[in-house]
Amino acid sequence: MLSTVLQVALGGAIGASARYLTSVGAVRLMGPGFPWATLSVNIVGSFLMGVLVVVLAQKGGMKAAPFLMTGILGGFTTFSAFSLDAFTLYERGQTGAALAYVTASVLVSIAALAAGILVTRALTQ
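Put into structure tokens, the structure is as follows:
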């Protein structure tokens, strides 16, 4: 168990560092004003999650999943895990559940973010 946690932690450090460098690079290349870095890491991370799911399953490499998928991609973007969960529900024929999951995840997460901001502002002003 400890070995797996260390794999996730190491991968997370790599992924988070890559996310930071992507943010710095995106601002330098395209300037501020639109979340290009977030959009980029979400798309790239989701694509890589799809690649890894297939490759690791076909090659019997699921032992690398904590490091690669949870660690690196989790540190790079949690959107990749969300994308995998949504697609898995869809692929299982649970289209309604997939749509509900996507809708709830996006709308409720934005609402939760707004609530956190508003509550914190109210408590700290």
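Using the numbering used here, read the sequence shown as starting at 3 and increasing by one per residue.
Beta carbons are placed, not taken as given, at the ideal position from N, Cα and C, and that holds for glycine.
Since the structure is predicted, the reported quantities are computational estimates derived from the model, not experimental observations.
For residue i, which of helix, strand or coil comes out of DSSP?
i      : result
Phe49  : helix
Arg94  : coil
Phe69  : helix
Gly62  : coil
Gly118 : helix
Phe89  : helix
Phe36  : coil
To the nearest angstrom, report how far apart residue i and residue j are at their CA atoms.
i      : j      : result
Ala11  : Thr79  : 14 Å
Thr122 : Ala113 : 14 Å
Ala124 : Ala106 : 26 Å
Phe84  : Met71  : 12 Å
Ala116 : Gln127 : 16 Å
Val46  : Pro37  : 14 Å
Ser42  : Gly63  : 27 Å
Gln96  : Phe69  : 29 Å
Val55  : Ala18  : 20 Å
Gly187 : Leu86  : This structure cannot settle anything about residue 187, because the visible part of the chain is limited to 3 through 127.
Ser111 : Gly118 : 10 Å
Gly13  : Ser25  : 18 Å
Gln60  : Leu91  : 20 Å
Ile39  : Ser48  : Looking at the sequence shown, residue 39 is not Ile but Ala. Whole-angstrom Cα-Cα distance: 14 Å.
Ala28  : Val104 : 27 Å
Hey, quick one: how far does the alpha helix (DSSP H) through residue i stretch, first residue to last?
i     : result
Thr79 : Thr79 -> no alpha helix (DSSP H), and no H or E assigned at all.
Gln9  : Leu4 to Met32
With a threshold of 8 Å between beta-carbons, can residue i be considered close to chain D, or not?
i      : result
Val110 : Of the protein chains in this structure there is only one, and it is not chain D.
Assuming residue i contacts residue j under a Cβ cut-off of 8 Å, what Cβ separation, rounded to an integer in Å, is found between them?
i     : j     : result
Gly76 : Ala15 : With a Cβ gap of about 11 Å, Gly76 and Ala15 do not count as contacting.
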